[in-house]
Amino acid sequence: VKILDFGLAKMMEVSDSSTPGECLTQDGRIVGTPPYLSPEQARAEKVDARSDIFSLGAVLYEVFTGKRPFERETNVDMLSAVVRDRPKQPRAIVKDLPPALSQLIARCLEKKVERRYQRMRDVKDTLEAVRQSDALARLLAARGAKAQPQTWTAWASAVSLGVIFAAGLIWWGAAHDRT
Numbered sequence: 055v056k057i058l059d060f061g062l063a064k065m066m067e068v069s070d071s072s073t074p075g076e077c078l079t080q081d082g083r084i085v086g087t088p089p090y091l092s093p094e095q096a097r098a099e100k101v102d103a104r105s106d107i108f109s110l111g112a113v114l115y116e117v118f119t120g121k122r123p124f125e126r127e128t129n130v131d132m133l134s135a136v137v138r139d140r141p142k143q144p145r146a147i148v149k150d151l152p153p154a155l156s157q158l159i160a161r162c163l164e165k166k167v168e169r170r171y172q173r174m175r176d177v178k179d180t181l182e183a184v185r186q187s188d189a190l191a192r193l194l195a196a197r198g199a200k201a202q203p204q205t206w207t208a209w210a211s212a213v214s215l216g217v218i219f220a221a222g223l224i225w226w227g228a229a230h231d232r233t
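Quick note on numbering: the sequence shown equals residues 55 to 233 in our numbering.
Below is the structure:
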């Protein structure tokens, strides 16, 4: 899966043929999906590519831990958490997560823009190094081994339901022919 863009819609040039309200983004307004907004987006401040790095960190956190980093009951509480709270360390949730991956995610989720990765290229390079590590390969292999029995169970259940459905159709057809 490739995530291509977290960027917000940019202000469109208003031309003579534009109708009022046609601009997609306005200054001072929060636009985006709350669990993935950066602190600067949540505060309706100016954003740049580093906001996308924060959003990628939120996605990576969720992918590897199964939890959102700033999950709260309401969007207002979630936005407050994005601005103020530190998420639980990923390795506190998934013990066998490679330390380098946990550090990458934490750096992407830095509240202060200047403490985050400054370019997506740097994130990519670090992810590539983590991907090539033995620790990640072991983690993924372990998760794959755990997933196989669940896959087998799902297929067995589906086949059983199919057989029961087919038997029901045959019984219904036979009963219907007798009447």
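We put the beta carbon where it would ideally sit given N, CA and C, even for glycine. Predicted model only: the values in this text are computed from it and were never measured.
Q) Ordered along the chain, which non-local residues of its own chain (more than five positions away) have a Cβ less than 8 Å from that of Met174? A) Ala103, Asp106, Ile107 and Leu110
- prompt: Assuming Leu158 contacts Thr128 under a Cβ cut-off of 8 Å, what Cβ separation, rounded to an integer in Å, is found between them?
  reply: Not confirmed; about 29 Å, so no contact.
*Go through its chain and collect everything with a Cβ distance to Val101's Cβ below 6 Å, but skip five positions before and after it.*
Glu94 and Gln95
inquiry  = Can you check which of these residues, Arg97, Asp131, Val148 and Pro88, is closest to Ala112 by C-alpha distance?
reply    = Pro88
TODO: Thinking Val136 and Phe124 are a contact (beta carbons under 8 Å), I'd like their distance in whole angstroms, please.
DONE: 5 Å
Roughly how many whole angstroms lie between the Cα atoms of Ala98 and Asp176?
26 Å
Would Ser187 and Ala160 qualify as a contact pair, given that the criterion is a beta-carbon distance under 8 Å? no
query: Which term fits Arg185, buried or exposed, when burial requires 16 or more other beta carbons within 10 angstroms of its beta carbon?
result: exposed
**Prompt:** Just curious, the alpha helix (DSSP H) that Pro144 is in, first and last residue?
**Reply:** Pro144 to Ile147
Margin query: Is Leu133 near the ligand MN - that is, is its Cβ less than 7 Å away from at least one heavy atom of it?
Written below: The ligand MN is not part of the structure shown, which contains no ligands of any sort.
Q) Can you tell me whether DSSP reads Glu116 as helix, strand or coil? A) helix
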